[in-house]
Amino acid sequence: REVVLEAVRQNGDALQFAADPLKADRKFVLEAVRQNWVALYHAADHLKADREFVLEAMVQNVDALQFAADPLKADRELVLEAVRQ
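Heads up, the sequence shown is in the working numbering, so the first residue is 267 and it goes up one at a time.
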């Protein structure tokens with residue numbers, strides 16, 4: 267876990283090589299997303315459906331919304347937030 271955590275701190279996209287339980291771990295994935303918002307693509311589905319989590323990714327880059335679950339892509343407030351940024 268620590269080795270992979272250090273890898274995602276260096277390159278968030280390294281999340282793609284992590285085991286599924288790590289891709290489902292909120293704190294772990296958040297480290298990856300903070301380093302590289304594209305890491306959201308590799309996150310577990312329940313994190314992609316978590317509004318607050320997706321908002322955190324959108325702080326890095328509003329384009330992170332593209333990797334959110336479909337219901338969040340239709341969330342008016344989230345879309346407005348993306349447009350504002």
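Note that CB positions come from ideal geometry on N, CA and C, so glycine has one too.
For clarity, every value in this text was computed on a predicted model and none was experimentally measured.
| Query | Result |
| --- | --- |
| Using the three-state DSSP reduction, which class does ARG317 fall into: helix, strand or coil? | helix |
| Taking the alpha helix (DSSP H) that GLN301 falls in, what are its first and last residues? | 292-301 |
| What is the rounded straight-line gap between the Cα of LEU344 and the Cα of ARG317? | 8 Å |
| Are HIS330 and ALA340 closer than 7 Å when you measure CB to CB? | In the sequence as presented, His is not what sits at residue 330; that position holds Ala. Not in contact: ALA330 and ALA340 (Cβ atoms no closer than 7 Å). |
| Restricting to Cα atoms, I'd like to know which of GLN326, ARG300, ARG292 and GLN301 is closest to ALA315. | ARG292 |
| Can you tell me whether PHE333 is buried or exposed? The criterion is at least 16 other CB atoms within 10 Å of its CB, across all chains shown. | buried |
| Tell me the rounded alpha-carbon separation between GLN282 and VAL328. | 20 Å |
| To which residues of the same chain is ASN302 closer than 6 Å at the C-beta, ignoring the five residues directly before and after it? | GLY278 and ASP279 |
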